[in-house]
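Protein chains in written order, with the numbering used here: chain S, 1 to 214; chain B, 215 to 607. All residues carry an ideal CB built from backbone N, CA and C; glycine is no exception. Working notes for the structure below.
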Amino acid sequence: MRVVIAEDNALLREGLVLLLRSSGHEVAGVAATGPEIVPLLLDQRPDAAVLDVRMPPDFRDEGLRAALAAREQLPGLPVLVLSQYVEETYAAELLGGGARGVGYLLKDRVGRVDEFLDALGRVADGGTALDPEVVTELMSRRRRDDPLAALTPREREVLHLMAEGHDNATIAKSLVVTERSVHKHIGNVFTKLELPPSDSGHRRVRAVLAYLNA
Amino acid sequence: MERAVGRAWRATWHLVVGFGLSCACLFLVALFLIGLVATALVVGAGMLPETVMTVRRFAGFERRRVGAWTGVEVPEVYAPLTGTVVQRLRSAAGDPGTVRDLLWVGAQMVYGIALFCVVLVLWVPAMVVDGPWCGVLGRTPVVLPLLTRTADLESAWSRALLTPSPQARLARRVEQLTETRAGAVAAHGAELRRIERDLHDGTQARLVSLSMRIGLAKRAYDTDPATGRALLDEAQTQAEEALTELRHVVRGIHPPVLTDRGLEGAVRALAASSGLDVEVSVDGTDDGTRAPAAVEAAAYFAVAEALTNAAKHGGAERASVTLTRTPRLVRVRVHDEGRGGAEEALTGTDPEQPRGTGLIGIRRRVAALDGSVRVTSPAGGPTDIEVELPCAW
Numbered sequence: 001m002r003v004v005i006a007e008d009n010a011l012l013r014e015g016l017v018l019l020l021r022s023s024g025h026e027v028a029g030v031a032a033t034g035p036e037i038v039p040l041l042l043d044q045r046p047d048a049a050v051l052d053v054r055m056p057p058d059f060r061d062e063g064l065r066a067a068l069a070a071r072e073q074l075p076g077l078p079v080l081v082l083s084q085y086v087e088e089t090y091a092a093e094l095l096g097g098g099a100r101g102v103g104y105l106l107k108d109r110v111g112r113v114d115e116f117l118d119a120l121g122r123v124a125d126g127g128t129a130l131d132p133e134v135v136t137e138l139m140s141r142r143r144r145d146d147p148l149a150a151l152t153p154r155e156r157e158v159l160h161l162m163a164e165g166h167d168n169a170t171i172a173k174s175l176v177v178t179e180r181s182v183h184k185h186i187g188n189v190f191t192k193l194e195l196p197p198s199d200s201g202h203r204r205v206r207a208v209l210a211y212l213n214a
Numbered sequence: 215m216e217r218a219v220g221r222a223w224r225a226t227w228h229l230v231v232g233f234g235l236s237c238a239c240l241f242l243v244a245l246f247l248i249g250l251v252a253t254a255l256v257v258g259a260g261m262l263p264e265t266v267m268t269v270r271r272f273a274g275f276e277r278r279r280v281g282a283w284t285g286v287e288v289p290e291v292y293a294p295l296t297g298t299v300v301q302r303l304r305s306a307a308g309d310p311g312t313v314r315d316l317l318w319v320g321a322q323m324v325y326g327i328a329l330f331c332v333v334l335v336l337w338v339p340a341m342v343v344d345g346p347w348c349g350v351l352g353r354t355p356v357v358l359p360l361l362t363r364t365a366d367l368e369s370a371w372s373r374a375l376l377t378p379s380p381q382a383r384l385a386r387r388v389e390q391l392t393e394t395r396a397g398a399v400a401a402h403g404a405e406l407r408r409i410e411r412d413l414h415d416g417t418q419a420r421l422v423s424l425s426m427r428i429g430l431a432k433r434a435y436d437t438d439p440a441t442g443r444a445l446l447d448e449a450q451t452q453a454e455e456a457l458t459e460l461r462h463v464v465r466g467i468h469p470p471v472l473t474d475r476g477l478e479g480a481v482r483a484l485a486a487s488s489g490l491d492v493e494v495s496v497d498g499t500d501d502g503t504r505a506p507a508a509v510e511a512a513a514y515f516a517v518a519e520a521l522t523n524a525a526k527h528g529g530a531e532r533a534s535v536t537l538t539r540t541p542r543l544v545r546v547r548v549h550d551e552g553r554g555g556a557e558e559a560l561t562g563t564d565p566e567q568p569r570g571t572g573l574i575g576i577r578r579r580v581a582a583l584d585g586s587v588r589v590t591s592p593a594g595g596p597t598d599i600e601v602e603l604p605c606a607w
């Protein structure tokens, strides 16, 4: 797959290039400053883009803005946004509009190479990859007569992994249960949260996230 | 007519209290003279500062009374009386406020009684003239307003005597600034120590242990790959934990979202993640320049604390945050319809759950920047927390 990287820190940039090349991906281009990103993406039209949030010249949220701007011109362009810290608001902005192929992860996760590549692959396929920390924050919110309280611990785990964007097979694997029982848990979660049943695609992630974000 | 009579009654009452105060002044003069004699005889040296404090209390009462009558507050500035008897005597004698108070005590004794007599006398023509003049004929009262004017006169005199001189106010301001600067230096020092401790005990220790595990893994690399792998797994976990800790430290120093989005964006992010229904409004004349980083951070932490309190302890479901930015000031006001009682726990009724501890931290932070915190949170709610931070010094 052809990937564009935007990261201002040379060390991390080289690391990402190395990581992607060694796992058989092609690095179609690298951007080291904010203003380079959108032209590069429009020029290369990669299969996925990996963007750092904070970039020169202002070191604010250039990467995030570039991701949103590029997706306006290239709808559906898969972007995986990396950041030194996660902020719910940013997740909401990225996921807004029901768009497909969005990821938002802490930079730390790059260290778990397999999981990172899995997340990138998911995003490139139009799926979602949301950092566990964002999901934890969303789930720990206080709600009026919290319906999440009605979930069993296992169902909460399933909901957490669903919100991160994993499919049933991965959920089953990480919880060490069968896919059948994952399917059953998901059904229970949707019933208890009074969500309309939906397939296992990105629509399901949207429904869950929309619920958690409310 | 009725309104004029009402006003006259209030004026009369004002002067009756003034008369009472004059009598108290008589007593204060006696007390002061006894104090002087006692101090001269050394035996009763502690008495004079106490007398000065009593005079201050009476003067303070008169200031509030004048403030209430005219609607304009009378500022109060005193040097604090602390330390040994000699120190207290010295600061009492050196305080220009003491002289002012004594002048007022002497004057109030005279005009308080005199004006009270005037008002008593005025009631006779008021009844004789204004009674038929406006009670029967319906004309504008003539004598009744004079009663109000008499009370005004007393207030004006008291104000003139009790308003501290500009120098005294300036001196007090310098004192305040010295205090807040000392507070700022202390807060800064404490903050540096906290950061140092967090980095030293947390991150540094983790990195050492991480490096150690990598070293061990290298040794095991050829002979025992399984152990090497397990060690590398542990090393990665350690690295991740170090990163998480660093993130917490950074957030505590200066929240990154403030840098990225400015105060308004950061407050909106707080509101979104608070779990409450929060309405954020922004007003004021924002010319686009950002407030100093320390001011933004203090405002941010204040809002964070207020919203946490509202959700956690106040049981609120909705709140509103108002952000005002003028060239010289940042003001944040957080209002919630929760149970209230945010401040009472400052004294700590339940040591396990001291509600106000966060608020105390906010007060310190804000005071160090010469700002102010106002909390109104009656039991049963609502709670209002208002923080004002100057941006130009």
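Paired residues, beta bridge with residue i - DSSP
{"i": "Val494(B)", "result": "Val535(B)"}
{"i": "Ile5(S)", "result": "Val30(S), Val50(S)"}
{"i": "Arg547(B)", "result": "Thr536(B), Glu600(B)"}
{"i": "Gly103(S)", "result": "Leu80(S), Ala129(S)"}
{"i": "Ala181(S)", "result": "Per the sequence shown, the amino acid found at residue 181(S) is Ser instead of Ala. Answer is none; Ser181(S) lacks a bridge partner."}
{"i": "Val587(B)", "result": "Val601(B)"}
Within chain S, the residues that residue i reaches when beta carbons sit closer than 7 Å
{"i": "Leu457(B)", "result": "Asp108"}
{"i": "Glu454(B)", "result": "Asp108, Gly111"}
{"i": "Ser487(B)", "result": "Glu88, Glu137"}
Buried versus exposed, by CB contacts within 10 Å (16 or more), residue i
{"i": "Cys239(B)", "result": "buried"}
{"i": "Thr33(S)", "result": "exposed"}
{"i": "Ile599(B)", "result": "buried"}
{"i": "Leu334(B)", "result": "exposed"}
{"i": "Ala307(B)", "result": "exposed"}
{"i": "Arg482(B)", "result": "buried"}
{"i": "Leu19(S)", "result": "buried"}
{"i": "Met323(B)", "result": "buried"}
{"i": "Glu510(B)", "result": "buried"}
{"i": "Met341(B)", "result": "exposed"}
{"i": "Gly320(B)", "result": "exposed"}
{"i": "Gln452(B)", "result": "buried"}
{"i": "Ser22(S)", "result": "exposed"}
{"i": "His202(S)", "result": "buried"}
{"i": "Leu16(S)", "result": "buried"}
{"i": "Pro294(B)", "result": "exposed"}
{"i": "Thr503(B)", "result": "exposed"}
Chain S within 8 Å of residue i, Cβ atoms only
{"i": "Thr473(B)", "result": "yes"}
{"i": "Ala512(B)", "result": "no"}
{"i": "Gln418(B)", "result": "no"}
{"i": "Arg461(B)", "result": "yes"}
{"i": "Gln450(B)", "result": "yes"}
Chain B contact for residue i (CB, 8 Å cutoff)
{"i": "Thr33(S)", "result": "no"}
{"i": "Glu14(S)", "result": "no"}
{"i": "Glu93(S)", "result": "no"}
{"i": "Tyr272(S)", "result": "Because residue 272(S) is not part of the residues shown, which for chain S are 1 to 214, the question remains open."}
{"i": "Gln84(S)", "result": "yes"}
{"i": "Arg141(S)", "result": "yes"}
Chain B contact residues for residue i, given Cβ-Cβ distances below 8 Å
{"i": "Asp61(S)", "result": "Asp474, Arg475"}
Contact set between residue i and chain S, taken where Cβ atoms lie within less than 8 Å
{"i": "Arg482(B)", "result": "Thr89"}
8 Å CB neighbourhood of residue i in its chain, flanking five on each side removed
{"i": "Ser36(S)", "result": "Reading the sequence as shown, one finds Glu at residue 36(S) and not Ser. Closer than 8 Å at the Cβ level, and outside the excluded window around Glu36(S), lie Ala6."}
{"i": "Glu133(S)", "result": "Val86, Leu106"}
{"i": "Leu42(S)", "result": "Ala70, Gln73, Leu74"}
Own chain partners of residue i with C-beta closer than 7 Å, once the 5 adjacent residues on each side are dropped
{"i": "Glu455(B)", "result": "Arg420"}
{"i": "Thr312(B)", "result": "Val266, Ala306"}
{"i": "Tyr325(B)", "result": "Glu368, Trp371"}
{"i": "Ala169(S)", "result": "Glu179"}
{"i": "Asn188(S)", "result": "Glu155"}
{"i": "His228(B)", "result": "Trp283, Ala365"}
{"i": "Val113(S)", "result": "Leu19"}
Residues that residue i contacts on chain B, provided the C-beta gap is smaller than 9 Å
{"i": "Val54(S)", "result": "Position check: residue 54(S) holds Arg in this sequence, whereas Val was assumed. By Cβ distance, chain B contributes Pro470, Thr473, Asp474."}
Contacts around residue i, its chain only, beta-carbon distance under 6 Å, and the 5 residues preceding and following it disregarded
{"i": "Arg2(S)", "result": "Glu26, Ala28, Pro46, Asp47"}
{"i": "Ala449(B)", "result": "Leu424, Arg427, Ile428"}
{"i": "Tyr435(B)", "result": "Gly442"}
{"i": "Leu245(B)", "result": "Thr265"}
{"i": "Ala31(S)", "result": "Ala6, Ile37, Leu40"}
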